[in-house]
Structure formats: C-alpha cells, structure tokens
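Q: Chains as they are written, first to last, in my numbering: chain A, 216 to 532; chain B, 216 to 532; chain C, 216 to 532; chain D, 216 to 532.
Below you will find the structure I want to go over with you.
Protein chains: 4
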Amino acid sequence: MTIESERDKAGFWFEEDVLPGLKVKMELKEISFNGNSKFQQVQVIKTIFGKTLVTDGKTQSAESDEKIYHESLVVPAMLKHGSPKRVFIGGGGELATARECLRFPSVEEVVMVDIDEVVVNICKEHLPTWGDGCWDDPRLNLIIGDAYSNFENMDGQFDVVIMDISDPIEAGPGIALYTKEFYDMVASKLSPGGVFVTQSGSGDVHNYDDCMTAINRTCREVFDCVAPYTSSVPSFGGNWGFNMAWNLGEGEEGKEEIKKWKTCSDIEAKIQASSKHDYIFYDGETHLGMFNPAKQLRRGLEKEERVITRDNPVFMY
Amino acid sequence: MTIESERDKAGFWFEEDVLPGLKVKMELKEISFNGNSKFQQVQVIKTIFGKTLVTDGKTQSAESDEKIYHESLVVPAMLKHGSPKRVFIGGGGELATARECLRFPSVEEVVMVDIDEVVVNICKEHLPTWGDGCWDDPRLNLIIGDAYSNFENMDGQFDVVIMDISDPIEAGPGIALYTKEFYDMVASKLSPGGVFVTQSGSGDVHNYDDCMTAINRTCREVFDCVAPYTSSVPSFGGNWGFNMAWNLGEGEEGKEEIKKWKTCSDIEAKIQASSKHDYIFYDGETHLGMFNPAKQLRRGLEKEERVITRDNPVFMY
Amino acid sequence: MTIESERDKAGFWFEEDVLPGLKVKMELKEISFNGNSKFQQVQVIKTIFGKTLVTDGKTQSAESDEKIYHESLVVPAMLKHGSPKRVFIGGGGELATARECLRFPSVEEVVMVDIDEVVVNICKEHLPTWGDGCWDDPRLNLIIGDAYSNFENMDGQFDVVIMDISDPIEAGPGIALYTKEFYDMVASKLSPGGVFVTQSGSGDVHNYDDCMTAINRTCREVFDCVAPYTSSVPSFGGNWGFNMAWNLGEGEEGKEEIKKWKTCSDIEAKIQASSKHDYIFYDGETHLGMFNPAKQLRRGLEKEERVITRDNPVFMY
Amino acid sequence: MTIESERDKAGFWFEEDVLPGLKVKMELKEISFNGNSKFQQVQVIKTIFGKTLVTDGKTQSAESDEKIYHESLVVPAMLKHGSPKRVFIGGGGELATARECLRFPSVEEVVMVDIDEVVVNICKEHLPTWGDGCWDDPRLNLIIGDAYSNFENMDGQFDVVIMDISDPIEAGPGIALYTKEFYDMVASKLSPGGVFVTQSGSGDVHNYDDCMTAINRTCREVFDCVAPYTSSVPSFGGNWGFNMAWNLGEGEEGKEEIKKWKTCSDIEAKIQASSKHDYIFYDGETHLGMFNPAKQLRRGLEKEERVITRDNPVFMY
C-alpha cells in the first residue's frame with residue numbers, strides 16, 4: 216500500500232445541482248465539447264455514466280441509461296396507440312427519441328422540431344449511437360425552430376405527440392410547452408386514438424412536486440385520461456417522471472381505462488405486434504413497475520392544485 | 216441582487232461515496248454527534264433529508280424517507296406470513312425495524328440483536344421518533360451482541376427473520392450474515408410458513424451487481440422461492456434492493472408462488488387483516504411497483520453465478 | 216488494507232469561495248454555532264485550522280493562524296508610533312485585535328466599535344482564547360454600533376487607528392469604512408505621529424487588485440506615507456494584504472521614510488522598548504519579509520488608479 | 216434575476232489534495248490531456264490559473280505563476296554564483312527551469328535529466344511557452360533517464376545544481392534525490408563557488424514540516440551554508456519552500472555569509488551583470504521578502520532533527 220492509495224484519485228468532477236442542498240458529483244473523465252449555443256450552455260462529457268450531454272449544467276442524457284429514458288418516454292405511448300403513422304416530437308435533439316419512434320414499421324413520418332441546431336449537430340458528432348440509423352431515414356422530418364409555433368402552424372393530425380424538452384426553468388425556451396394552452400392545442404391535433412406523452416421532471420418522493428404533479432394536474436384539465444409514471448434513470452439522480460394522456464373513445468370510462476393500462480398484461484404481445492424490438496429496459500413486468508408509482512407520489516398527484524398556464528408558469532430548481 | 220447571490224451559500228457539505236466516481240453531496244445543516252464506537256464511525260447529522268444516521272460514511276437512514284426503507288423491509292414479509300408471532304431482527308439499531316414489526320398485533324416477541332450499543336443509544340437520544348413507542352414495549356427483546364452467534368444459540372423457531380444490517384464490506388461486522396451458511400441456519404429456524412427478508416444493497420441499474428444479485432443467487436441455493444424487489448429511497452441515492460425468501464408448502468410450485476406474490480391484488484385486504492396501519496409508502500399499487508423490477512435487473516439476477524459463502528464473500532464499494 | 220482505505224473518509228466539508236472558479240475545501244469537524252445575526256450569517260466551526268469564525272461564508276479568523284493575522288494587523292502600527300496611549304479599533308469582534316493592543320503598557324484606552332453584538336458574544340463563548348484577558352481590562356471601551364458614526368462623534372484624538380472589518384462587499388456594513396471620506400476623517404483624528412492601518416483583503420498575486428491596491432491608492436490620496444504589506448495566513452487561502460499609513464513629521468521626506476520602515480533593522484529593540492512580548496509570528500526578520508512584497512504586487516500598486524469614494528465603491532468577490 | 220443565477224454555474228472542478236482535510240478546488244475549463252506514463256498519471260488542464268501540468272493529482276506548474284516558481288528556483292542560485300558555465304537540472308520536464316538557466320549568457324551547458332519522456336513531450340506540445348526558445352538551444356543537453364545514476368556517472372563539475380523534481384512521496388521516483396547520500400554526491404561535484412538549490416515542498420506555516428525543514432536539516436549535514444526561502448505560488452496553494460546551499464570559501468564564516476545573502480542589497484546590480492532580464496517576480500525587494508521567512512518557519516527549521524537518508528526517508532502527504 217502506498218500513500219497514494221489513501222488519497223482520492225479522482226481529481227476531476229462534474230457537480231450537478233439536483234435541488235437546493237443536494238448535488239450529484241461524478242468523476243469527469245473527458246470534456247469533449249464545452250461551448251454555448253444561442254440558447255444555452257452545451258457540454259459533452261464522459262463520466263461514470265458514459266458519454267453525457269449536459270445543457271445549462273443539467274444532464275440531458277447519458278450513454279449508460281439513455282435507453283431507459285428514451286424507451287420510457289416513447290414506447291408506452293406508441294404501444295397504447297397500436298399502429299401510429301405520424302408522430303410529432305418537440306425537442307429531442309439527441310435524436311434518440313426519433314430513433315425509438317422510427318423502430319415502429321407503421322410509422323410513416325416523424326416530425327421533430329428542436330430549437331437548438333448546435334445541440335443537434337453536437338450530438339450527431341459526439342453521440343452518434345444516440346441517433347444511429349435515423350439521420351438517413353427518409354421518414355424523419357427534422358426542423359430547427361420553435362416547437363410551439365411550428366406545431367401550431369402544421370397541417371394535419373398526429374397519432375402520437377411526444378415532448379422531450381428541458382425542464383421548465385424560468386425564461387427557459389421550453390416554458391410555453393408545459394402550459395394548458397399548449398396541451399389544448401395538442402388535443403386538437405391528435406387523431407382519434409391519439410396519445411400524448413411528456414417528460415415531466417423528477418418523480419422522486421422528495422421533489423415530484425417541483426413540476427411532475429403540476430404537469431399532471433394541467434394535463435387532467437385537457438385530457439380524459441392521464442397516466443403518470445416513473446422510471447429509475449440513475450444519471451438523472453433517481454426516479455424520473457412522465458405523464459401520458461389521451462381522450463376516451465366511445466363507451467369508455469376514464470378510471471377504468473387508466474386502470475386497464477396500469478395493470479396491462481399483454482405488453483409483450485403488443486410489442487410483438489408492432490416494433491418487435493427486444494428492448495433493454497421495457498417489457499411487461501417493467502411496465503407494471505413503471506405505471507404503479509408509490510403511494511406518496513399518488514397522494515401528491517391527488518393533492519396538486521396548480522394548473523400551469525402562460526400566466527401561471529411553474530419552475531423547477 | 217447582491218454579489219452575494221452569485222455565490223454558493225451552502226458552504227457545509229456531507230459528501231457520500233456511492234460508487235467509485237459517484238458521490239452525493241448534501242448540505243450539512245447540523246452535526247449532532249460525531250464519534251466512534253468499537254465497531255464503526257457513528258455520526259448523526261441533518262441534511263436536506265432531515266436527521267440522518269451515518270456509519271462509516273454511509274447513510275443508514277434519514278428522517279425524510281426512513282419509512283420507505285423500513286416499510287419496504289418489514290411489511291411485505293409480515294403480510295406474506297399473515298400472522299407472525301415471533302420475529303428475529305439482525306441489526307436494526309435505529310429501532311425502526313422493530314417499530315414496524317411491533318405494529319402487528321399478532322406479534323408476541325421481537326428478538327433484535329445489534330452489535331453496536333453506541334448506535335442503539337445514539338438513536339434513542341438523537342432519533343427518538345425512529346423507535347417511538349418501542350422502547351417500553353415488553354414484546355421487544357433487545358440483545359447487544361453478535362447476530363450470528365446469538366441467532367445460532369437461540370431456542371425455538373421464528374415466523375419472520377429480518378436482516379437489517381450494513382452492506383457487506385470487507386472486514387465489516389456483517390459479512391457472515393450474507394453467506395449461504397447463515398441462510399441455511401435461517402431456513403432451519405423458520406417455522407412452517409416462515410419468511411426471510413434481507414436488505415440487499417443498491418438495486419440501481421448501474422450497481423445492482425455490487426451485491427443484490429449475489430445475495431439473491433445465494434438465497435436461491437437455500438430457499439424454494441426468492442422474490443427480489445426494490446424501492447426508491449432518495450437518501451440512499453436511488454433504488455434500494457431487498458430479497459424476500461420462503462420455502463414452499465405442500466402442493467405449491469415455486470414459479471407460480473412467486474408470480475402470485477408479484478402480482479398480488481389483495482394487499483389492502485391483507486393490511487386490514489393484520490396491522491391495519493395506514494402506511495406512508497406501502498399499499499397495493501406500491502407493491503406492484505416494488506415487486507416488478509426493471510428488465511435489466513431481472514436479467515442481472517438471471518445471469519448471476521456468485522454464491523456467497525464464508526470462503527467466497529462479496530464486497531460492496 | 217481494507218476497501219475502506221480507498222474511500223475518502225472525510226465526508227464533511229466546508230467549501231469557501233476564494234474567487235470565481237476557486238474554492239478552498241476544509242474538512243468540517245464540528246459545527247459549534249450556526250445562526251444569523253441582524254447583519255450576517257455567523258458560524259463557528261472546527262477545521263484543519265482549528266476553531267474558526269465564519270461570517271457570510273468567509274473565514275474571519277482561525278485558531279491556527281489568528282495570531283499571524285492579528286499580530287500583522289496590530290504590532291507594526293503600534294511599534295511605528297512607539298508609545299501609543301489611545302487606540303481606536305473599527306470592527307474586531309473576536310477581541311483579538313484588542314488583545315494585541317492591550318499588551319502595550321503605554322496604552323491607556325482602546326475604543327473598539329463593532330456593529331454585531333452576536334459576533335462579539337459568540338466569540339466570547341466559543342473562542343475565549345482570542346480575547347483572553349481583555350474582557351475585564353478596564354482600558355477596553357467596547358461599543359456595539361456603527362464604527363463610522365461612532366468614530367465621527369468621538370471627541371479627542373487617537374495615536375493608532377486600526378480597521379479590522381470584513382472585506383468590502385456590496386451592501387456589506389463595512390463599505391463606507393473603505394472610502395476616502397472615511398480616511399480623511401481618520402487623518403483629522405490622528406494625533407501627531409499617529410498611525411493608521413487597515414486590513415486590505417487578499418494580497419495574492421492573482422487577486423491583489425480585488426481591493427488591496429485600490430485601498431492603497433485611496434490611502435495615498437490622504438496620507439503622506441503608505442506602506443503596503445502582506446503576511447501568509449493559510450486559513451485565508453494565502454497572502455493577506457494590509458496598508459499602514461501616516462503623515463510626515465517636520466523635515467521628513469515620504470519615500471525616504473517608507474524605505475526606512477521597509478528595511479528597518481531595530482524591530483527587536485522597538486519590541487523590547489514597548490510590549491516586550493515574544494510574538495509567535497512577528498520579529499525583525501518577519502518584518503523584512505512582510506514589508507518587501509513581490510514585484511508583481513508592487514507593479515499592481517503603482518498602476519492602480521481607483522480611488523474609493525462613497526460614490527465609487529469597490530467590491531470584492 | 217433568473218433562477219439560474221442562484222445556482223453554481225461552474226459545474227466542472229479539479230480538486231487537489233493539499234493536506235489531509237484540506238483541498239483546493241479549481242473550476243476545470245479544459246482537459247487537454249489525460250493519460251498515464253510509465254511513471255505517473257499525467258494531465259494537462261486549464262483552470263483559473265491557466266494551463267496547468269498535473270502529475271499524480273498534484274499541480275506541477277501553472278501558466279499564471281509558473282514564472283514565480285521557476286524564477287524563485289533558478290535565479291537566486293545563478294546570481295549567487297555570479298557567472299555559472301555548467302548547470303545540472305534534475306527533473307524539470309516542463310523545460311521552464313532550463314529556460315531560466317539559458318537566459319544567462321555565461322552558461323555554456325545545461326545538463327537536464329528527467330525520467331519521464333511523456334511529460335517532456337506533453338509539455339512541448341501543450342505548454343510550448345514554458346520552454347520557449349530552449350528546444351533548439353544547442354547548450355541544452357536533455358537526457359531522459361534517472362537523475363541519480365546519470366548524475367553519478369557524469370564527468371566533470373557543475374557550477375550550479377538545481378533539483379526540480381516532484382515532492383518526496385513514498386515509492387515516488389524522486390525519493391533518493393532528497394537524501395544525504397545524494398547531497399554528498401552533489402557537494403563532491405560542485406566546482407569552487409558552486410551552488411546547490413532544491414525545491415522543498417510547502418513552506419506554509421501549517422505544513423513546512425512535511426518536508427521543507429527536513430530537507431533543510433539534511434542539507435546542513437553536507438553544506439556549510441544553507442539558506443531556506445519561500446515564495447507565494449498561488450497555484451501550489453500558498454507559500455512554497457526552497458533550500459539553497461553552498462560551501463564556504465577561504466576566510467568566510469557561515470552565519471555571516473548567510474546573513475549577507477539574506478539582506479543582500481545589490482541584487483539589481485547582480486542581475487545587470489549577468490542575465491540582464493526584467494523578471495516578472497524577482498528583484499531586490501522581492502529577494503528580501505523571499506529570504507526573510509516568518510518566525511514560525513525559522514523556529515521549525517531550528518527544531519528539526521530529521522536527516523533524510525536512504526534508510527530514513529521522509530514522505531509528504
């Protein structure tokens with residue numbers, strides 16, 4: 216044993232704020248890119264979680280668990296619909312959300328609108344496996360611009376609408392995409408049987424009320440059914456929250472439909488009938504774990520009264 | 216805005232190692248106790264997670280989520296049995312594990328053996344709500360000593376055996392309590408219908424193979440049925456792992472029994488028939504989330520080949 | 216060797232901002248006090264530097280080197296005067312500045328004005344050796360209040376005026392005490408042969424221009440002679456800066472007088488003729504080291520053009 | 216003000232151990248190189264101190280103050296000699312020590328022996344200004360190898376011998392170069408009037424006894440005169456220590472010679488007579504500051520009893 220072994224060898228660290236008074240500290244193995252776009256600070260680094268995209272000091276996705284996050288975001292909504300043809304993605308600069316959509320042979324067009332060309336290009340260069348196979352897929356319609364106005368001005372309807380944007384932070388570009396006004400527009404552009412899903416910030420018991428419960432409450436103003444769910448994404452610091460929403464078909468009853476979905480036992484069959492992909496993370500048993508969140512979170516969702524509007528936005532730390 | 220506001224005000228931090236290259240950093244609001252017992256460094260502090268017991272630099276339980284951990288550890292095994300009369304707890308110095316056991320009116324005796332009297336006394340003084348109501352409960356038989364030899368020399372059988380000890384760290388006092396030899400002894404001292412459960416270290420996708428899968432594999436050498444499960448305990452840095460194990464009754468088939476338990480739909484009824492407690496964390500839907508872990512973890516459990524014995528121990532970071 | 220030894224045992228840390236992009240991180244052994252006064256956050260902790268007073272996240276003085284700081288601040292000015300009878304201290308809540316003044320038998324009165332009674336009381340309780348012997352010294356006239364207005368309204372003159380206040384931070388209570396207006400008043404209240412000295416922030420080559428050079432430049436507007444000097448105070452993160460100033464007597468020439476002081480060879484004799492104290496830090500050779508600062512600092516002092524006034528304050532990080 | 220401004224923007228940090236319980240934490244702006252040589256971990260980064268060479272987690276020299284360190288190490292010894300022709304450098308991989316030697320027109324040969332070719336090449340590529348102008352200087356004789364054996368086997372004598380090697384860490388390559396055995400050999404290879412100087416680790420009041428005082432004590436076993444001195448090198452975390460040693464000429468008396476050097480008033484003239492360089496840091500007044508260290512350090516030097524030999528090495532943290 217040398218004196219060396221008593222020292223902390225890992226001298227380079229990435230410290231990420233999780234909450235006031237809580238940080239995660241990761242050994243920093245590489246800084247591949249460190250710059251600024253018009254919209255945000257953009258960094259590509261390597262940590263214990265592998266290659267990682269960081270914007271404004273927050274991990275966006277990491278090599279070791281980006282599939283957990285992206286499968287969680289995309290696959291349930293796609294399966295819920297069954298045979299989606301046209302999909303809209305707000306954000307999604309890493310192209311991994313598009314990748315998961317394009318796995319479905321039924322898909323004819325994925326419209327993806329991300330505001331930050333720098334992020335898109337940086338991911339293509341530094342995180343090529345994230346969007347592997349998508350760049351040349353003719354079904355991908357990639358637009359650089361504001362998701363809100365592009366979506367507003369788009370003709371036709373969508374089978375699935377997926378919001379893969381940064382958390383709502385004051386003055387952040389995505390704030391309008393977490394409002395009742397936006398969700399009303401989404402509802403009006405969903406085809407019959409259409410499904411909406413949005414990443415919703417942390418789903419951990421100590422901070423689900425940062426924004427997850429408020430996003431859920433806002434969706435409930437607009438949609439008949441809203442199913443909140445979580446997945447454990449270690450590089451995000453714990454459980455991550457999502458909200459999936461849809462309107463009822465004829466003769467359907469909301470509570471019943473949500474319960475059916477939460478305890479759904481034919482997920483494997485649904486996968487075989489659509490993408491046929493052997494997912495890293497998602498399958499029938501994972502589905503039960505995701506859609507049956509802990510009692511505290513459910514109580515927090517029940518108690519939540521905040522409806523997010525342009526005039527009453529919510530902010531995460 | 217003053218210059219001050221651009222500085223990081225929280226100058227005091229507790230940095231906890233999670234893995235090599237990964238730490239959690241919590242603002243340190245108080246140091247209530249900072250000392251050493253014969254066995255370990257013992258600290259009681261206050262962070263964003265409230266009052267926290269720390270031994271050897273590792274969070275043992277924290278005010279904000281100790282109930283998640285202790286309900287997860289105790290309640291499923293107690294409900295699985297149905298009407299436990301005699302319970303053994305290895306470790307459990309905070310007395311919160313005993314607290315959860317003593318809520319069950321069927322319980323006549325809780326034998327608890329913790330090696331570290333300093334921890335027990337410190338918790339009584341600094342974390343009084345952890346063991347609230349237990350100190351004077353005549354059903355509690357608290358022994359300071361080595362859990363292994365005390366258990367070995369104890370007469371009679373137990374309905375539930377609960378291991379609430381530190382993670383297996385080389386040379387740590389608890390290492391023998393994670394071996395096949397110990398589990399064989401447990402099996403021999405369980406009454407018919409008896410249930411064994413042990414905390415099993417991290418259940419996160421990036422480190423479940425530190426020890427959770429090996430503990431599971433070892434249990435499978437000894438017990439007919441082993442149900443691994445996880446709960447999200449933020450103060451532990453993410454998902455936490457447990458293994459619950461039991462032997463089959465006549466006419467029962469292992470896979471079937473495990474599946475029944477994983478998708479069990481009458482948890483609420485079981486609670487009403489026994490403790491009748493309104494748990495903070497645990498209920499029927501939480502149960503589904505806990506016992507249906509993600510696909511990666513299940514694959515890791517399947518692939519695991521390590522059987523822990525006295526001659527082949529496993530170590531966590 | 217155990218696994219333990221590869222971990223960083225010191226889990227509790229005090230992180231102090233030195234500059235943007237530079238922090239010092241000290242193991243935190245105790246938090247003896249953690250509160251707020253009307254004016255500032257006040258903390259007493261224990262680190263590698265021993266018991267330490269921290270206000271607003273900045274180390275004010277530490278057991279291991281408070282004598283270096285306080286001897287550096289007080290003794291040269293007292294010796295320069297020779298036989299001071301009446302001394303004014305602005306700030307100085309720890310009472311260690313008063314302690315150094317009261318060592319001089321010639322001293323008949325020390326008027327000390329500190330704004331923060333909480334700091335004074337906390338130091339008396341938690342740092343008793345700092346002000347050892349001063350509390351009952353009838354020569355000490357301790358006033359809680361604003362140093363500026365108290366000094367302004369005070370009758371009579373002073374032989375030595377010592378400013379031992381926090382660094383100039385925007386909106387901080389001491390900002391007015393670093394202005395030309397204040398120094399003009401000091402000059403008017405110094406007796407013939409009187410000496411002024413002020414702590415002046417960091418004297419390190421990378422940040423002396425935070426405020427040390429500007430304080431020097433401002434003093435030069437008011438006083439005939441200004442001698443900048445530095446001492447290494449490790450708990451402050453490096454070299455610390457001071458400025459000592461005085462007006463010329465008849466027939467004296469400024470540059471000559473400053474040079475005489477910088478290379479003064481009878482410091483030991485001066486000590487023997489006054490305090491007769493065997494200082495921990497200060498003696499003739501230390502004096503040469505202190506008053507002959509490095510070339511970069513001298514060039515920085517020459518180039519400095521900022522004169523601090525009420526209308527043009529300077530701020531440290 | 217945005218929420219952003221309350222967060223700590225600098226997410227990337229280099230944490231350097233100074234002592235057990237003391238670290239310096241620098242914002243990490245770039246990682247230009249991160250690898251290992253046969254001998255050590257080698258990193259080139261950018262922090263608040265500019266481009267920085269780090270080996271085994273320790274700052275070796277940084278853009279913002281490497282000149283303070285290298286001028287301190289080289290210039291006094293060169294001036295003490297007066298007109299050095301042949302210089303030996305042990306270590307010095309950045310080539311900045313060679314640069315300072317080669318500024319002296321009297322120098323005919325600089326023999327430099329560094330063990331680590333990777334460091335030398337990395338510095339040439341990433342820190343080109345460190346060795347600016349030296350690479351093609353025909354007077355430089357650069358040898359990759361062990362300084363001890365190369366020096367031992369070298370013919371002829373040297374006017375100045377400079378040790379610019381890593382601190383003595385157990386099992387580190389330089390340990391033998393801090394022993395009485397080595398210094399005996401140096402003394403035997405110095406020409407009449409020859410001067411020896413070695414970097415000596417921290418000179419701060421809280422850790423000069425890590426190794427600075429022991430190196431001084433060991434030199435005193437071998438040389439008639441030893442002058443310890445310090446310079447403030449912020450990127451090293453404070454005051455840095457050096458020991459300069461020489462043997463007496465005829466009719467000279469040790470104490471007198473050392474005192475003459477400490478208070479030497481013709482440094483400017485010596486510079487004009489030799490290198491004629493306008494140094495960033497070093498001049499006559501700087502010289503007085505460097506060679507008149509604080510009383511504590513002088514007392515520590517007096518009390519030191521450790522003589523470093525191969526059988527009794529000393530180790531720094």
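We put the beta carbon where it would ideally sit given N, CA and C, even for glycine.
These numbers were taken from a predicted model, which means no experiment stands behind them.
Which chain A residues sit within Cβ distance under 9 Å of asparagine 249 of chain D?
A: Phe227, Lys244, Glu245
Q: Rounding to the nearest angstrom, what Cα-Cα distance links proline 235 of chain D and glutamate 242 of chain C in this structure?
A: 8 Å
Q: In whole angstroms, give me the CA-to-CA distance for tryptophan 455 of chain D and isoleucine 523 of chain C.
A: 33 Å
Q: Indicate whether leucine 317 of chain D and alanine 362 of chain D have their beta-carbon atoms separated by less than 7 Å.
A: Taking a C-beta distance under 7 Å as the contact criterion, leucine 317 of chain D and alanine 362 of chain D do not qualify as a contact pair.
Q: Out of C:Glu520, C:Asp498, C:Arg525, C:Arg513, point me to the one whose CA is closest to leucine 512 of chain D's CA.
A: C:Asp498
Q: Step through the CB atoms of chain C and report whether any lies within less than 7 Å of the CB of lysine 240 of chain D.
A: Yes, lysine 240 of chain D lies at the interface with chain C (some Cβ there is under 7 Å from its Cβ).
Q: Can you check which of these residues, A:Ser247, A:Lys510, A:Val233, A:Leu463, is closest to serine 287 of chain B by C-alpha distance?
A: A:Lys510
Q: Comparing alpha-carbon positions, which option in B:Glu278, B:Val333, B:Val233, B:Arg301 lies nearest phenylalanine 254 of chain B?
A: Nearest C-alpha to phenylalanine 254 of chain B among B:Glu278, B:Val333, B:Val233, B:Arg301: B:Val333.
Q: Rounded to whole angstroms, how far is the Cβ of isoleucine 430 of chain C from the Cβ of asparagine 458 of chain C, which I believe are closer than 8 Å?
A: The C-beta distance from isoleucine 430 of chain C to asparagine 458 of chain C rounds to 5 Å, short enough to fall under 8 Å.
Q: Is the region 294-301 of chain B touching the region 331-345 of chain B in the sense that three or more CB pairs, one from each, lie closer than 8 Å?
A: no
Q: Give the residues of chain C in contact with glutamate 472 of chain B, contact being defined as C-beta atoms less than 9 Å apart.
A: Result: empty, since nearest Cβ-Cβ is about 37 Å, beyond 9 Å.
Q: For the beta strand (DSSP E) that contains valine 290 of chain B, what are its first and last residues?
A: Element bounds for valine 290 of chain B: not the beta strand (DSSP E) but the alpha helix (DSSP H), 281-296.
Q: Compute the beta-carbon to beta-carbon distance between methionine 378 of chain D and glycine 306 of chain D, rounded to the nearest angstrom, for a pair I have assumed lies under 8 Å.
A: 7 Å
Q: Which word fits asparagine 527 of chain D, buried or exposed, when buried means at least 16 other C-beta atoms lie within 10 angstroms of its C-beta?
A: exposed
Q: In terms of residues, what are the limits of the beta strand (DSSP E) holding valine 239 of chain D?
A: 237-242
Q: Which chain A residues are close to glycine 416 of chain B, counting only those with a beta carbon under 9 Å from its beta carbon?
A: None at all; the shortest Cβ gap to chain A is about 14 Å.
Q: Would you say glutamate 230 of chain B lies against chain C (beta-carbon separation less than 7 Å)?
A: yes
Q: Take aspartate 374 of chain C and list the residues in its own chain whose beta-carbon comes closer than 6 Å to its own, dropping the five residues that flank it on each side.
A: His296, Pro299, Lys300, Arg301, Ser406, Gly409
Q: Excluding the 5 residues flanking phenylalanine 496 of chain D on each side, which residues of the same chain have their C-beta closer than 8 Å to its C-beta?
A: Lys282, Ile283, Glu286, Ser287, Ser446
Q: Name, in chain order, the residues that DSSP records as bridge partners for glutamate 231 of chain C.
A: Per DSSP, C:Val239.
Q: Look at the alpha carbon of leucine 503 of chain D and the alpha carbon of serine 417 of chain A, and state the distance between them as a whole number of angstroms.
A: 60 Å
Q: By Cβ distance below 8 Å, which residues in the same chain neighbour glycine 346 of chain C in space, the five residues on each side in sequence not counted?
A: The beta carbon of glycine 346 of chain C lies closer than 8 Å to those of Glu309, Leu310, Ala311, Ala313, Arg314, Cys338, Lys339 in the same chain, with the five residues before and after it left out.
Q: For a cutoff of 7 Å on Cβ pairs, would you count aspartate 419 of chain B as touching chain A?
A: Chain A contact via Cβ: present.
Q: In whole angstroms, what separates the C-alpha of phenylalanine 319 of chain B from that of serine 490 of chain B?
A: 5 Å
Q: Check the C-beta distance from phenylalanine 248 of chain D over to glutamine 258 of chain D and give it rounded, since I have them as a contact under 8 Å.
A: 6 Å
Q: On a Cα-Cα basis, can you pick out the residue from A:Tyr423, A:Ala442, A:Lys404, A:Gly452 that is closest to aspartate 519 of chain A?
A: Looking at the sequence provided, one finds glutamate at residue 519 of chain A rather than aspartate. When each option's Cα is compared against that of glutamate 519 of chain A, the closest is A:Tyr423.
Q: Flag asparagine 527 of chain D as yes if its beta-carbon sits less than 7 Å from any beta-carbon of chain C, otherwise no.
A: no
Q: Whole beta strand (DSSP E) runs in the region 426-472 of chain A with 3 or more residues, listed along the chain?
A: 440-448, 453-461
Q: Please state the DSSP three-state secondary structure of valine 522 of chain A.
A: coil
Q: Are the C-beta of glycine 533 of chain C and some C-beta of chain D separated by less than 7 Å?
A: Nothing can be reported for residue 533 of chain C: it is not among the residues displayed for chain C, which extend from 216 to 532.
Q: List the residues of chain A whose Cβ lies closer than 8 Å to the Cβ of lysine 541 of chain B, in chain order.
A: Absent from the model: residue 541 of chain B. The displayed extent of chain B is 216 to 532, so no value can be given.
Q: Where does the unbroken alpha helix (DSSP H) through threonine 501 of chain A begin, and where does it stop?
A: 499-506
Q: Can you check whether the C-beta of proline 443 of chain C is within less than 7 Å of a C-beta belonging to chain D?
A: no
Q: Contact criterion: CB-CB distance below 7 Å. Does asparagine 462 of chain A meet it with respect to chain B?
A: no
Q: Would you give the residue range spanned by the beta strand (DSSP E) that isoleucine 304 of chain C belongs to?
A: 301-306
Q: Taking the alpha-carbon positions, what's the cysteine 426 of chain A to tryptophan 228 of chain A distance?
A: Each residue's CA atom was taken as its position, placing cysteine 426 of chain A and tryptophan 228 of chain A some 28 Å apart.
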